[in-house]
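Residue numbers (this note's numbering): 7 to 95. A virtual CB, placed ideally from N, CA and C, is assigned to each residue, including glycine. Fair warning: this is a prediction, and the values are worked out from it, not measured in the lab. Down below is the structure, laid out as structure tokens.
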């Protein structure tokens, strides 16, 4: 574990950058398009009604007052897809 948090952040950022480059390369070689979107509140926002439902990272199920219930990651993935579709339209 790196004690210098600035160095740790640089290492972590480098890893993400490399992952994005690899995914982009593989997608483009398969004739696909990669689009980056801001993931801010994608796991907190209800993909059904748009309401923000605050929850800790320990909570793995998204449950909204509108009645929608889904896995937290599935809900976030739907929100990320919606953001990408908004970007291209």
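Beta-carbon spacing of residue i, residue j below 7 Å
i	j	result
residue 43	residue 87	no
residue 85	residue 72	no
residue 26	residue 33	no
residue 69	residue 75	yes
According to DSSP, residues forming a beta bridge with residue i
i	result
residue 75	69
Close beta carbons around residue i, own chain, < 7 Å, minus the five adjacent residues each side
i	result
residue 58	47, 50, 51
residue 62	none
residue 22	none
residue 30	40
Supposed close pair residue i, residue j - CB separation, criterion 8 Å
i	j	result
residue 67	residue 77	6 Å
Segments of 3+ residues assigned as beta strand (DSSP E) that fall wholly inside the segment 9 to 91 = 67 to 69, 75 to 77
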